[in-house]
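Asks: Protein chains in written order, with my numbering: chain A, 15 to 313; chain B, 32 to 345.
Built from N, CA and C at the ideal position, the CB exists for glycine as well.
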Amino acid sequence: MTTTPRLAPEPTHGTARRRAPWVRSLVALLHHKVAVAGLVVLAVLVVCALFGEQLAPYPANAVDISRALQPPSTAHPFGTDDLGRDVMSRVILAASVSLQVSVVSVTIALVVGVLLGLVAGYFGGWPDTVVMRVADVMFAFPVMLLAIAIVAVLGPGLTTAMIAIGVVYVPIFARVTRASVLSVREEPYVRAAVSLGAHPGRVIVRHVLPNVSAPIIVQTSLSLAFAILSEAALSFLGLGVQPPAPSWGRMLFDAKAFLDQAWWMGVFPGLAVFVTVLALNLVGDALRDVLDVRKTVND
Amino acid sequence: MAFVLRRVGHSLVVLLGVTVVVFALVHLVPGDPVRIAMGTRYDPDVYAALREASGLDRPLLEQYVAYLGSALTGDLGVSFRSGEPVTTILLSRLPATVSLAVAGLVVALVVAFPLGVYSALHHGKASDVIVRIVSQVGVSVPDFWMAMLLILLFSSTLGWLPPSGYVPLTEDPVEWARRVAMPAVTLGLVAGSIMTRYIRSSVLEVLGADHVRTAESKGLRERVVLGRHVVRNALVPVLTIVGVQLATMLGGVIVVEVVFAWPGLGRLVLDAVAARDYPVVQGAVLLVAAMFLLVNLVVDLLYARVDPRIKVSR
Chain A
15 MTTTPRLAPE PTHGTARRRA PWVRSLVALL HHKVAVAGLV VLAVLVVCAL
65 FGEQLAPYPA NAVDISRALQ PPSTAHPFGT DDLGRDVMSR VILAASVSLQ
115 VSVVSVTIAL VVGVLLGLVA GYFGGWPDTV VMRVADVMFA FPVMLLAIAI
165 VAVLGPGLTT AMIAIGVVYV PIFARVTRAS VLSVREEPYV RAAVSLGAHP
215 GRVIVRHVLP NVSAPIIVQT SLSLAFAILS EAALSFLGLG VQPPAPSWGR
265 MLFDAKAFLD QAWWMGVFPG LAVFVTVLAL NLVGDALRDV LDVRKTVND
Chain B
32 MAFVLRRVGH SLVVLLGVTV VVFALVHLVP GDPVRIAMGT RYDPDVYAAL
82 REASGLDRPL LEQYVAYLGS ALTGDLGVSF RSGEPVTTIL LSRLPATVSL
132 AVAGLVVALV VAFPLGVYSA LHHGKASDVI VRIVSQVGVS VPDFWMAMLL
182 ILLFSSTLGW LPPSGYVPLT EDPVEWARRV AMPAVTLGLV AGSIMTRYIR
232 SSVLEVLGAD HVRTAESKGL RERVVLGRHV VRNALVPVLT IVGVQLATML
282 GGVIVVEVVF AWPGLGRLVL DAVAARDYPV VQGAVLLVAA MFLLVNLVVD
332 LLYARVDPRI KVSR
């Protein structure tokens with residue numbers, strides 16, 4: 015590792031040195047047993063999301079009333095629902111919807127929130143005041159309530175759920191980013207870049223953003239977990255994914271009426287939500303450990 | 032005093048912002064909210080009356096000022112659906128929500144306080160690891176799923192508790208307790224898991240502080256050190272998270288209220304959204320946000336009282 019940069023040609027040299035902290039974090043993460051467990055679960059989910067059609071033993075909406083409410087068996091490992099649909103197939107197929115909603119909504123929150131946080135933290139003054147006051151106002155609403163209010167305006171559906179969850183998490187990203195920018199802004203390397211006459215955009219992208227990325231990465235992982243929960247809750251309330259498309263939240267809603275007769279209808283979709291959220295939280299916590307360790311090493 | 036005024040002023044400014052958002056809700060709805068709310072029950076006379084009452088034809092700023100003015104006097108308009116004043120509807124739902132939130136908070140504290148302190152004192156040992164795993168599980172469980180599992184166990188299987196429904200505390204305290212048990216445990220376990228993690232890390236931090244080492248080296252008994260020097264100091268930052276959890280339970284427990292057919296504010300919002308009863312949605316959202324701000328304000332003021340350093344640093 016110590017000799018490679020010297021031997022390598024100039025361009026590779028630069029790339030290798032820039033990537034080093036990332037590689038180190040990744041290696042540390044892969045040595046974190048809990049994180050690996052979480053990552054394995056997430057990998058399984060991604061496979062389900064991508065190849066659900068091939069993996070699921072039955073189509074999502076193969077209605078067969080004669081096989082309604084059957085308990086788990088070899089033919090239907092998770093049993094069947096009130097319309098005779100295979101619960102396991104629907105749990106597998108719903109993975110793509112859940113992941114899609116959470117990834118899209120967190121991306122919205124990430125892009126908008128980080129951008130606002132960078133501007134607010136770096137420039138200060140009135141942009142900072144405006145962004146932070148708006149964030150304060152948004153923080154005054156409980157997350158689910160704000161999401162539901164947005165759905166009330168835009169009407170229920172998949173796209174609305176993504177927008178609603180995305181908007182709700184914008185202020186969190188803005189706050190996290192701003193707080194880190196405030197501490198990085200006064201660092202000598204940032205001041206040096208500014209005094210060399212670098213354009214603010216360049217300073218932000220090249221010097222500030224890479225150094226505030228750690229808390230943002232941790233926040234992203236934790237927000238993905240919350241987004242999965244929020245999507246499930248919205249769909250449970252009938253405000254998210256619309257039937258007959260399979261979704262874990264909606265399956266739980268349907269299960270509620272049959273709780274006495276068919277426990278499997280409610281247990282398995284809920285387990286899917288729980289395991290997914292747990293995996294994301296574990297990875298998020300591990301990332302926090304790993305990235306903090308790197309920070310103290312560098313300090 | 033200056034701190035108190037500044038903090039109250041900040042809350043008021045945010046509350047003003049909240050009213051703008053709540054006011055904007057109705058105006059962001061594509062189309063005519065009154066027409067949409069009436070749906071298939073359209074009647075030209077009723078429509079004209081509601082339209083007139085809603086004031087939607089006047090200029091936006093004038094409407095906002097009027098809305099703000101009447102909101103200040105406690106008039107939040109009338110429901111599109113029932114014609115009842117929104118304030119009356121909100122007040123009728125408040126006891127259910129508040130009694131559930133308080134019961135949930137009690138469960139959360141009973142769970143989180145001993146577990147958090149114990150876990151910190153046994154830092155790194157097997158019992159600490161177990162507490163951390165359990166709290167991680169509690170944070171990750173969807174509350175409505177836990178609610179369904181509780182119903183499955185305590186109602187469907189054991190038959191100990193009614194699966195859902197509400198009886199006012201003032202009417203029949205025993206029956207209220209039987210009915211609040213499952214929703215309160217659902218809320219309390221989720222909130223308690225979050226609090227456990229905060230209490231644990233807070234106690235851990237204080238355990239490493241100089242004054243604790245001094246107290247120990249003075250030869251004080253462990254109980255005294257723990258009670259007087261560790262726990263008391265550790266609880267100060269925990270106050271904030273307790274406040275946030277209480278505020279969340281006061282306004283954000285829509286899903287749990289739905290599962291347990293608990294007639295609180297959360298269900299009210301959901302029903303009003305479904306019926307497109309915008310004045311009720313507005314009123315409920317405003318009330319919840321106001322309670323949220325109030326709880327956080329009280330917590331911050333308490334916090335400054337317990338820890339005078341706060342006033343200086345802000």
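So, using beta-carbon positions, are residue 161 of chain A and residue 179 of chain A closer together than 7 Å?
Replies: Yes, the pair counts as a contact, with Cβ atoms nearer than the cut-off.
Asks: Any beta carbon of chain B sitting closer than 7 Å to that of residue 105 of chain A?
Replies: It does not; no Cβ of chain B falls within 7 Å.
Asks: Is the beta carbon of residue 286 of chain B closer than 7 Å to that of residue 247 of chain A?
Replies: For residue 247 of chain A and residue 286 of chain B, yes; Cβs fall inside 7 Å.
Asks: Under the rule that 16 or more other beta-carbon atoms within 10 Å means buried, what is residue 245 of chain B, buried or exposed?
Replies: Residue 245 of chain B should be labelled exposed.
Asks: Which residues share a DSSP beta bridge with residue 94 of chain A?
Replies: Bridge partners of residue 94 of chain A: A/100.
Asks: With distances taken from CA atoms, which of B/335, B/288, B/334, B/304 is nearest residue 127 of chain B?
Replies: It is B/288.
Asks: By alpha-carbon positions, which one of B/207, B/199, B/200, B/157 ends up nearest to residue 193 of chain B?
Replies: Taking only the C-alpha atoms, the option nearest residue 193 of chain B is B/207.
Asks: State buried or exposed for residue 308 of chain B, treating a residue as buried only when at least 16 other CB atoms are found within 10 Å of its CB.
Replies: So residue 308 of chain B counts as buried.
Asks: Sort A/240, A/236, A/265 by Cα distance to residue 249 of chain A and report the nearest one.
Replies: If we check each option's Cα against that of residue 249 of chain A, A/265 comes out closest.
Asks: Less than 7 Å between C-beta atoms, sequence neighbours within five positions excluded: which residues of the same chain meet that for residue 77 of chain A?
Replies: So the list reads 97, 98, 99, once near-sequence residues are dropped.
Asks: Going residue by residue through the segment 171 to 233 of chain A, where are the continuous alpha helix (DSSP H) segments of at least 4 residues, counting only ones entirely within it?
Replies: Here the runs fully enclosed are 172 to 199, 202 to 209.
Asks: Grouping DSSP H, G and I as helix and E and B as strand, with all else coil, what is residue 77 of chain A?
Replies: Coil at residue 77 of chain A, not helix or strand.
Asks: Does the Cβ of residue 28 of chain A have 16 or more other Cβ atoms within 10 Å, making it buried, or fewer, making it exposed?
Replies: Low confidence applies to residue 28 of chain A: its pLDDT is 46, below 50, so where it sits in the model is not reliable enough to give any reading.
Asks: If we call anything under 7 Å between Cβ atoms a contact, is residue 66 of chain A one with residue 106 of chain A?
Replies: The answer is yes: Cβ separation under 7 Å.
Asks: What number of angstroms, rounded off, separates the C-alpha of residue 245 of chain A from the C-alpha of residue 170 of chain A?
Replies: Answer to the nearest angstrom: the Cα atoms are 12 Å apart.
Asks: Spell out the partners DSSP gives residue 109 of chain B in its beta bridges.
Replies: Answer by DSSP bridge pairing, in chain order: B/116.
Asks: Check the Cβ of residue 250 of chain A against every Cβ in chain C and list those closer than 7 Å, keeping chain order.
Replies: No chain C is present in this structure, whose protein chains are A and B.
Asks: Please report how far the alpha carbon of residue 154 of chain B lies from the alpha carbon of residue 219 of chain B, in whole angstroms.
Replies: Cα-Cα distance, rounded: 24 Å.
Asks: Looking at chain B, is there any beta carbon in it that lies within less than 7 Å of the beta carbon of residue 179 of chain A?
Replies: No - not a single Cβ of chain B is within 7 Å of the one on residue 179 of chain A.
Asks: Unbroken alpha helix (DSSP H) runs of length 4 or more, entirely within the segment 185 to 222 of chain B: which are they?
Replies: Segments of the alpha helix (DSSP H) lying fully in the segment 185 to 222 of chain B: there are none.
Asks: Under the rule that 16 or more other beta-carbon atoms within 10 Å means buried, what is residue 42 of chain B, buried or exposed?
Replies: Looking at its Cβ environment, which holds 16 or more other Cβ atoms inside 10 Å, residue 42 of chain B is buried.
Asks: Would you mind sorting residue 250 of chain B into buried or exposed? The rule is 16 or more other CB atoms within 10 Å of its CB.
Replies: Label assigned to residue 250 of chain B: exposed.
Asks: Let me check understanding here. Comparing Cα to Cα, which of B/331, B/281, B/303 lies closest to residue 318 of chain B?
Replies: With distances taken between Cα atoms, residue 318 of chain B lies closest to B/281.
Asks: Decide yes or no for the touch test of the segment 130 to 144 of chain B against the segment 207 to 216 of chain B: beta carbon pairs closer than 8 Å, at least 3 of them.
Replies: These segments touch.
Asks: At a CB distance below 8 Å, what residues from the segment 161 to 186 of chain A approach chain B? Give them in sequence order.
Replies: So the close ones are 162, 163, 165, 166, 167.
Asks: Is residue 254 of chain B helix, strand or coil by DSSP?
Replies: Helix.
Asks: Taking just the CA atoms, how far does residue 140 of chain A sit from residue 128 of chain A?
Replies: Near 17 Å, if we compare the C-alpha coordinates of residue 140 of chain A and residue 128 of chain A.
Asks: Which term fits residue 331 of chain B, buried or exposed, when burial requires 16 or more other beta carbons within 10 angstroms of its beta carbon?
Replies: Classification of residue 331 of chain B: buried, given that the 10 Å Cβ count is 16 or more.
Asks: Out of curiosity, what's the CA-to-CA distance linking residue 218 of chain A and residue 174 of chain B?
Replies: Answer to the nearest angstrom: the Cα atoms are 40 Å apart.
Asks: Distance, Cα to Cα, residue 193 of chain A vs residue 136 of chain A?
Replies: Rounded to whole angstroms, residue 193 of chain A to residue 136 of chain A spans 10 Å at the Cα level.
Asks: Rounding to the nearest angstrom, what Cα-Cα distance links residue 177 of chain B and residue 267 of chain A in this structure?
Replies: Roughly 13 Å between the two C-alpha positions.
Asks: Output needed for residue 117 of chain B: all residues of its chain with C-beta closer than 7 Å, excluding positions within five of it in sequence on either side, in chain order.
Replies: If we look at residue 117 of chain B and ignore the five residues flanking it on each side, its Cβ neighbours are 107, 108, 109, 110, 310, 311, 314.
Asks: Mind the definition here: the segment 320 to 336 of chain B touches the segment 33 to 50 of chain B only if three or more C-beta pairs lie below 8 Å; say whether that holds.
Replies: Flag = yes, the segment 320 to 336 of chain B and the segment 33 to 50 of chain B touch.
Asks: Any Cβ of chain A within less than 7 Å of the Cβ of residue 322 of chain B?
Replies: By this cut-off, residue 322 of chain B is not an interface position.
Asks: Under 8 Å Cβ-Cβ, which residues of chain B neighbour residue 277 of chain A?
Replies: Simply 183, 187.
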